[in-house]
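Single-structure report; data block below.
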Amino acid sequence: MTRADSLAERRAYLDGNLTKVECGSCGTVVRARKLSPMQTSVQWTTPSAGACPRLAAAAGDRPAALVPTCPDLRDSLDRAVREGRLEVTG
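First residue of the sequence shown? That's 12 in the numbering used here, and the numbers climb one at a time after it.
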């Protein structure tokens with residue numbers, strides 16, 4: 012395997028099957044992948060606490076990474092699945 016192959020494989024692993032989904036509440040755009048009905052991977056395109064007012068409020072003085080989820084974003088991801096914009100690939 013060449014270095015280019017390794018980089019392409021890494022890029023596919025990190026970026027593969029990620030779909031842009033916009034939060035219906037605040038407009039934040041994330042990249043998401045669903046491997047099963049119960050499993051969702053989310054990659055933030057900007058720091059989550061700065062992008063999502065609900066996460067920032069829930070986090071308070073703690074890091075936003077310690078807040079499990081934003082209910083508005085979860086609803087937007089569920090809607091994207093129902094509308095066929097986010098595919099369950101597993």
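The beta-carbon is built from N, C-alpha and C at its ideal position, and this holds for glycine as well.
Can you list, in chain order, the residues of its chain with a C-beta nearer than 8 Å to that of residue i? Leave out the 5 residues immediately preceding and following it.
i: LEU77; result: ALA70
i: THR80; result: none
i: THR100; result: ASN28, ARG44, LYS45, LEU46
In whole angstroms, what is the alpha-carbon distance linking residue i and residue j?
i: THR13; j: LEU29; result: 25 Å
i: LEU88; j: ARG22; result: 23 Å
i: GLU6; j: PRO74; result: The displayed coordinates of the chain run from 12 to 101. Any statement about residue 6 would go beyond what the structure contains.
i: ARG93; j: CYS63; result: 23 Å
Span of the alpha helix (DSSP H) holding residue i?
i: LEU88; result: 82-93
If residue i sits next to residue j, beta carbons under 8 Å apart, how far is it from one beta carbon to the other, in whole angstroms?
i: CYS37; j: ASP83; result: 7 Å
i: ARG65; j: SER52; result: 20 Å between Cβ atoms; not a contact.
Got a sec? Which residues, its chain only, sit under 6 Å from residue i by beta carbon, not counting five neighbours each side?
i: ALA67; result: ALA60
Please work out which residues of its chain come closer than 7 Å, Cβ to Cβ, to residue i, disregarding the five sequence neighbours upstream and downstream, and give them in chain order.
i: GLN54; result: LEU29, VAL41, ARG42
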